[in-house]
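Undergrad:
Number of protein chains: 2
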Amino acid sequence: MTAQTSSATTRATCEAFDRADPIRAYRDRFRLPEGVIYLDGNSLGALPKATADRVKKVLDVEWGEHLVDGWLKDNWMGLSEVLGDKIAKLIGADAGEVIVVDTTSINVHKVIAAAMLMRPDRRTLLTDKGNFPTDVYMAQGLVEFLGRQHRIKMVEEDEVAESIDEDTAAVFCTQINYKTGRLHDMAKITKAAHAKGALAIWDLAHTAGCVPIELNKIEADFAVGCGYKYLNGGPGAPAFVFAPKRHHDKVRQPLTGWLGHTNPFEFGLDYKPAQGIRQFRASSPPILGIVAMEAGIDDMIEFGIGNVRAKSLALTSLFMKLVEERLLKHGFGIATPKETERRGSQVALTHKDGWAIMQALKARKVIGDFREPNIVRFGFAAPYVRFADVWDAVENLVQVMEKEEWKKPEFQNKKWVT
Amino acid sequence: MTAQTSSATTRATCEAFDRADPIRAYRDRFRLPEGVIYLDGNSLGALPKATADRVKKVLDVEWGEHLVDGWLKDNWMGLSEVLGDKIAKLIGADAGEVIVVDTTSINVHKVIAAAMLMRPDRRTLLTDKGNFPTDVYMAQGLVEFLGRQHRIKMVEEDEVAESIDEDTAAVFCTQINYKTGRLHDMAKITKAAHAKGALAIWDLAHTAGCVPIELNKIEADFAVGCGYKYLNGGPGAPAFVFAPKRHHDKVRQPLTGWLGHTNPFEFGLDYKPAQGIRQFRASSPPILGIVAMEAGIDDMIEFGIGNVRAKSLALTSLFMKLVEERLLKHGFGIATPKETERRGSQVALTHKDGWAIMQALKARKVIGDFREPNIVRFGFAAPYVRFADVWDAVENLVQVMEKEEWKKPEFQNKKWVT
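As given, the protein sequences belong to chains C and B, one line each in that order. First residue of the first sequence: 1, per the numbering used here; consecutive thereafter. First residue of the second sequence: 419, per the numbering used here; consecutive thereafter.
This is the structure we're talking about:
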């Protein structure tokens with residue numbers, strides 16, 4: 001796997017990048033299968049070694065020995081807020097503004113509904129066509145349920161800011177496009193929203209744990225995010241929701257469960273919302289899922305989100321350079337913006353035979369994924385992806401194309417899900 | 419702990435009951451702390467030994483080795499339905515009618531909203547004052563969000579059936595009262611609802627895994643339930659939702675996330691609901707939480723819900739008898755119905771000093787809990803509670819009272835949560 005090309009970059013160059021990488025040692029925090037190049041941390045992050053131990057302790061000691069007393073003794077009841085405060089550090093929020101709860105989709109419902117209640121006279125919910133479908137679907141479900149008195153306006157990705165008008169209750173976008181990795185200018189769109197009296201809601205699914213942002217500095221109104229991508233929280237990990245303190249007094253949302261009550265253990269029959277971010281919680285926290293998130297978040301804080309971003313951009317830049325040098329001739333295009341300030345931590349290639357190519361590449365133990373209609377997607381989770389991995393991934397992809405491995409019959413049938 | 423009383427029942431009698439118990443061997447399936455008498459399985463079920471191994475496998479092999487391919491290779495994507503089909507067997511539903519998803523509270527939102535949409539001209543949501551607060555709160559949040567065009571009518575527990583009228587969209591009750599253990603006649607109330615054209619929604623939080631019911635036989639319209647009580651799914655385990663096949667074509671609910679879409683991996687921007695129960699799913703399933711539920715549910719199917727119910731009633735009857743013989747003189751009352759057909763699997767005692775008494779009892783390693791204002795609550799999870807445990811619990815409670823242990827200062831301060 002030390003193939004040389006005529007280009008200036010060689011595997012030796014990549015190895016030198018790795019030796020110079022200030023966060024290279026953190027790769028050892030993760031359990032990674034032998035011989036696999038894992039470029040799908042944007043879909044499911046890798047397992048932090050400490051997570052396995054922590055979850056086993058919950059089973060063996062907390063649930064197994066403490067039983068129901070774990071709620072107090074092991075602070076199960078407080079974990080949603082403990083982890084929320086930690087995530088806050090990664091996204092420029094303050095303690096008490098983030099809580100780990102439910103799923104991204106459910107949290108989208110809460111914050112869009114909350115925005116509707118804060119802008120009762122406005123009827124437009126604005127988003128872009130690059131938003132992740134679940135965000136759009138959740139808004140559609142809400143609007144439908146409310147009797148279609150609102151409309152969802154869907155515009156091109158680069159037309160969001162200028163599409164906000166006086167009827168816009170809220171603009172809701174995912175900062176980083178799940179297919180292409182294109183990154184929105186959150187500050188600009190949030191400012192444009194506020195200029196028209198609208199609210200700005202951000203989905204940070206592909207942001208948290210890979211791109212440094214400052215929610216409070218840009219005065220974002222609400223945000224949601226995902227635990228299982230760059231935060232390495234495990235498959236189907238709980239999500240998070242952000243609401244800034246300036247909204248806490250007036251905000252309301254419709255999913256009013258008992259643990260969002262100001263005094264749940266009174267067991268009264270009238271809902272009274274808790275103060276602060278806790279009103280976004282409805283139910284008992286999912287302890288196994290939440291506990292499994294903690295090590296990944298702690299690690300990320302220690303790695304330094306600035307370090308992670310710097311390396312991530314170097315990785316994606318290297319990948320795009322190698323693709324340009326070695327893969328364009330095989331029919332690939334690059335759908336991800338070349339400007340570093342306009343992309344997240346993934347690179348999307350286009351190819352008409354993308355599905356089969358990705359299957360052939362996975363057979364070579366290089367793991368990325370495919371998205372309709374023609375996107376061959378690679379995520380570069382900086383804490384555990386090496387520069388040499390980037391070289392090897394491209395080399396394998398070259399082999400797949402040159403040897404026409406992707407034409408094998410077993411790679412032709414689409415089978416979801418990855 | 420072999421104290422004798424003047425009554426006919428002795429510890430030896432209880433030990434004889436244990437020897438004759440046909441499901442006594444199943445206790446060994448659970449990990450139970452040494453020396454603890456655990457009578458709080460109605461709050462958090464005990465840890466099935468197989469669960470610990472199963473979760474460790476997810477960490478070490480599935481997430482750790484298979485990474486994102488676990489969604490297919492380990493059928494993560496299908497677990498919500500696999501477990502739903504298993505739970506269906508415990509509640510008299512058919513395969514394809516139950517799915518494990520979200521939390522009880524979120525599922526309450528879905529089914530009440532669905533019922534509202536199926537009865538658009540009706541404005542009353544009927545419940546009883548014995549319902550668990552979160553069910554009521556979720557309905558309140560929904561009604562409030564919809565601009566209070568609906569009303570929530572709350573009646574006494576024994577007045578539900580006759581309070582249903584032509585304006586009732588749905589009656590929603592928890593079958594078994596979380597405080598007293600009082601059990602609703604689901605067949606009667608469901609029939610009364612249908613007679614008036616209303617729908618019947620059942621919360622099975624304290625039913626699933628301890629009382630045999632027949633959702634389809636009684637033609638229940640929707641149901642929700644909890645994974646962490648008698649199903650032994652772990653702290654904050656995912657919940658489940660039931661919708662019968664006869665409603666699948668017409669039902670809609672507002673939490674329309676991407677995994678409730680008929681073809682999620684098309685990633686289109688228009689929500690089209692999946693066929694069947696899957697439309698009640700919004701998001702990626704929480705794998706650690708779902709996997710942790712499977713052994714407990716498999717075990718329960720093997721134990722036989724009829725066997726579990728028979729033993730549970732014997733345990734609660736024995737407990738009530740011993741309380742009558744030995745504890746009434748210490749100021750205790752019994753809030754749980756004496757008729758077996760009117761109670762679930764718990765017994766609620768009343769005592770004005772209930773909080774302190776329960777703390778003193780817990781110091782003796784007998785674990786129950788307290789609910790406002792004066793309920794001392796004991797749950798009898800038949801698969802792992804022994805008749806001798808019942809004797810010992812009462813004996814310890816007698817000691818707490820006779821020695822006035824509950825008067826110690828450390829037992830006076832209320833501290834939630836248990």
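We put the CB at the ideal spot given by N, CA and C, even for glycine. In this text, all values refer to a predicted model and were calculated from it rather than measured experimentally.
Going along chain C in order, which residues have a C-beta closer than 7 Å to the C-beta of B:Ala-464?
TA: Near B:Ala-464 (Cβ distances below 7 Å), the residues of chain C are Leu-67.
Undergrad: Would you list, in chain order, the members of the segment 711-728 of chain B that have their beta-carbon closer than 7 Å to a beta-carbon of chain C?
TA: Residues: none.
Undergrad: Can you check which of these residues, B:Pro-662, B:Gly-694 and B:His-666, is closest to B:Asp-512 by C-alpha distance?
TA: Comparing Cα positions, the closest option is B:Pro-662.
Undergrad: Would you mind listing the beta strand (DSSP E) stretches within the segment 492-575 of chain B that are 3+ residues and don't spill past its ends, in chain order?
TA: As far as the segment 492-575 of chain B is concerned, its whole beta strand (DSSP E) runs of at least 3 residues are 516-518, 542-546 and 569-573.
Undergrad: If you count every other CB in all the chains shown that lies within 10 Å of the CB of C:Gly-141, and 16 or more means buried, which is it?
TA: C:Gly-141 comes out buried.
Undergrad: Can you tell me the Cα-Cα spacing of B:Thr-423 and B:Glu-712, whole angstroms?
TA: The predicted model places B:Thr-423 with a pLDDT of 44, which falls under 50 and marks its position as unreliable, so this point remains unresolved.
Undergrad: With a cut-off of 8 Å on the beta carbons, I'd call C:Thr-104 and C:Cys-226 a contact; round off their distance for me.
TA: About 5 Å; that satisfies the 8 Å criterion.
Undergrad: For a contact meaning CB atoms closer than 8 Å, what does C:Lys-415 contact in chain B?
TA: Neighbours of C:Lys-415 on chain B, chain order: Leu-490.
Undergrad: In this structure, how does DSSP classify B:Arg-744 when only helix, strand and coil are distinguished?
TA: Three-state result, B:Arg-744: helix.
Undergrad: Once you ignore the five residues that flank B:Thr-420 on each side, which residues in its own chain have a CB closer than 6 Å to its CB?
TA: Bear in mind that a pLDDT of 38 at B:Thr-420, under 50, signals an unreliable position, so the model cannot answer this.
Undergrad: I'd like to know whether the C-beta atoms of B:Ala-766 and B:Arg-789 end up nearer to each other than 9 Å.
TA: Yes, these two residues count as a Cβ contact at 9 Å.
Undergrad: Work out the CA separation of B:Arg-472 and B:Cys-802 for me, nearest whole Å.
TA: In the sequence as presented, Cys is not what sits at residue 802 of chain B; that position holds Tyr. Rounded to whole angstroms, B:Tyr-802 to B:Arg-472 spans 20 Å at the Cα level.
Undergrad: For the segment 246-258 of chain C, which residues have a CB atom closer than 8 Å to at least one CB atom of chain B, in sequence order?
TA: Within the segment 246-258 of chain C, the residues whose Cβ lies closer than 8 Å to some Cβ of chain B are Arg-252, Gln-253, Pro-254, Leu-255, Thr-256, Gly-257 and Trp-258, listed in chain order.
Undergrad: Please return the same chain residues whose Cβ sits closer than 6 Å to the Cβ of B:Val-784, not counting the five positions on each side in sequence.
TA: Excluding sequence neighbours, B:Val-784 sits near Ile-455, Ala-811 and Asn-814.
Undergrad: Measure from the C-beta of C:Val-400 to each C-beta in chain B and report whether the shortest distance is under 9 Å.
TA: So, not an interface residue.
Undergrad: Could you tell me which residues DSSP pairs with C:Leu-349 in its beta bridges?
TA: C:Leu-349 pairs with C:Ile-334 and C:Val-376.
Undergrad: Taking the beta carbon of B:Gly-453 as the centre, do at least 16 other beta carbons fall within 10 Å, making it buried, or is it exposed?
TA: Counting Cβ neighbours within 10 Å, B:Gly-453 comes out exposed, since fewer than 16 surround it.
Undergrad: Kindly say whether B:Trp-481, judged by its beta-carbon, lies nearer than 9 Å to any beta-carbon of chain C.
TA: So yes, B:Trp-481 belongs to the interface.
Undergrad: Using beta carbons (cut-off 9 Å, strictly below), is B:Glu-562 in contact with chain C?
TA: It does; some Cβ of chain C falls within 9 Å.
Undergrad: Curious, which full-length beta strand (DSSP E) runs of at least 3 residues does the segment 220-281 of chain C contain?
TA: The qualifying runs are 222-225 and 240-242.
Undergrad: With burial defined as no fewer than 16 other Cβ atoms inside 10 Å of the residue's Cβ, what is the status of C:Gly-233: buried or exposed?
TA: Buried, by the Cβ-count rule.
Undergrad: From the DSSP output, in three-state form, read off C:Asp-369 for me.
TA: Correct three-state label for C:Asp-369: strand.
Undergrad: Let me confirm a value: C:Gln-175 is counted as buried when at least 16 other C-beta atoms fall within 10 Å, else exposed. Which label applies?
TA: The residue is buried, with at least 16 neighbouring Cβ atoms inside 10 Å.
Undergrad: By Cβ distance, which residues of its chain are closer than 7 Å to C:Leu-32, with the 5 residues on each side in sequence left out?
TA: Here the set comprises Tyr-38, Ala-46 and Tyr-384.
Undergrad: Return yes when the C-beta of C:Phe-370 is under 8 Å from any heavy atom of the ligand GTP, and no when it is not.
TA: Ligands displayed in this structure: none; no statement on the ligand GTP is therefore possible.
Undergrad: Is any beta-carbon of chain B found at less than 9 Å from that of C:Arg-371?
TA: Interface residue, yes.
Undergrad: When the Cα atoms are used, what is the spatial distance from B:Val-573 to C:His-261?
TA: Rounded to the nearest angstrom, the two C-alpha atoms are 22 Å apart.
Undergrad: Leaving out five residues before and five after B:Pro-704 in sequence, what residues of the same chain have Cβ atoms less than 8 Å from its Cβ?
TA: Contacts found: Pro-656.
Undergrad: In the DSSP assignment, find the beta strand (DSSP E) that holds C:Cys-17 and state where it starts and stops.
TA: Looking at the sequence provided, one finds Phe at residue 17 of chain C rather than Cys. Where C:Phe-17 is concerned, there is no enclosing beta strand (DSSP E), although the alpha helix (DSSP H) it sits in stretches over 11-20.
Undergrad: Suppose you measure from the CA of C:Gly-344 to the CA of C:Phe-380; what does that come to, to the nearest Å?
TA: So the two alpha carbons sit approximately 9 Å from each other.
Undergrad: Measuring CB to CB, does C:Lys-352 end up less than 9 Å from C:Gly-331?
TA: Yes, the pair counts as a contact, with Cβ atoms nearer than the cut-off.
Undergrad: Which residues in chain C have a C-beta closer than 7 Å to the C-beta of B:Tyr-555? List them in chain order.
TA: Under the 7 Å cutoff, chain C gives Thr-256, Gly-257, Trp-258, His-261 and Tyr-271.
Undergrad: Taking C-beta pairs closer than 9 Å, name the residues in chain C that B:Tyr-456 reaches, listed in chain order.
TA: Residues of chain C passing the Cβ test: Leu-67 and Val-68.
Undergrad: Can you check which of these residues, C:Asn-42, C:Asp-21, C:Gly-41 and C:Val-68, is closest to B:Phe-796 by C-alpha distance?
TA: Ranking the options by Cα distance to B:Phe-796, first place goes to C:Val-68.
Undergrad: Decide yes or no for the touch test of the segment 679-688 of chain B against the segment 121-139 of chain C: beta carbon pairs closer than 8 Å, at least 3 of them.
TA: Counting Cβ pairs under 8 Å, three or more are found: they touch.
Undergrad: Check whether the Cβ atoms of C:Ile-87 and C:Val-101 sit closer than 9 Å, and answer yes or no.
TA: No. Outside cutoff.
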